[in-house]
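First residue of the sequence shown? That's 290 in the working numbering, and the numbers climb one at a time after it. Glycine included, each C-beta is placed from N, C-alpha and C at the ideal position.
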Amino acid sequence: MTRTIKSNAAKAKQFFADKMAFTTGPVEVSHQIEKKEDVVIIDVREPKDFKKGHVPGAISLPQKQWGTPAGLRRDTMNIVYCYAQNCHMGAQAAMQFAAKGYPVMEMDGGFESWKEHDLKIVKS
């Protein structure tokens, strides 16, 4: 039992270290946009939802377009987001893009968290 607990603690430590390295929050993304930092923001939700409202400067890249990820860059950070904390499309997209050699992070909490923080929303 003790061995299992120690093993789980080590796995948990690695998991949270990785999570911190590859996720960011909506407030941090908002600051990056305000400072005009060189990042690409990718909305992986359905196009109809993107049109209703999205993060300023975000590009729409729904799941059916992940095979040819137009707009992503290899020379800067690509930040993906989906609907909410319980949506795994952002993580799935990040895995696919990382496998293709793109530097990528996921915005924790998705678009719902962006709205909860009362950050600027753009409609198309």
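Thinking just about the alpha-carbon of each residue, which of the options is nearest to the one in residue i?
| i | options | result |
| --- | --- | --- |
| glutamate 405 | Phe386, Asn367, Pro336, Gly314 | Gly314 |
| valine 411 | Ser349, Ala388, Glu326 | Ser349 |
| methionine 309 | Met396, His320, Arg334 | Met396 |
| proline 336 | Pro351, Asn367, Phe311, Arg363 | Pro351 |
| cysteine 371 | Phe400, Ala388, Gly346 | Phe400 |
| arginine 362 | Ala298, Tyr391, Arg334 | Tyr391 |
| glycine 418 | Phe304, Ala298, Ala383 | Past the boundaries of the shown model lies residue 418; the chain is included only from 290 to 413, so the question cannot be answered. |
Can you look up residue i in the DSSP assignment and give me helix, strand or coil?
| i | result |
| --- | --- |
| aspartate 327 | coil |
| valine 344 | coil |
| serine 296 | helix |
| lysine 404 | helix |
According to DSSP, residue i sits in a beta bridge with which residue or residues?
| i | result |
| --- | --- |
| serine 349 | Asp332 |
| methionine 394 | Ile368 |
| threonine 312 | Glu395 |
| valine 318 | Its beta-bridge partners do not exist; DSSP assigns none. |
List the whole-angstrom C-beta distance separating residue i from residue j, where the pair is believed to meet the contact cut-off of C-beta under 8 Å.
| i | j | result |
| --- | --- | --- |
| aspartate 332 | histidine 343 | 5 Å |
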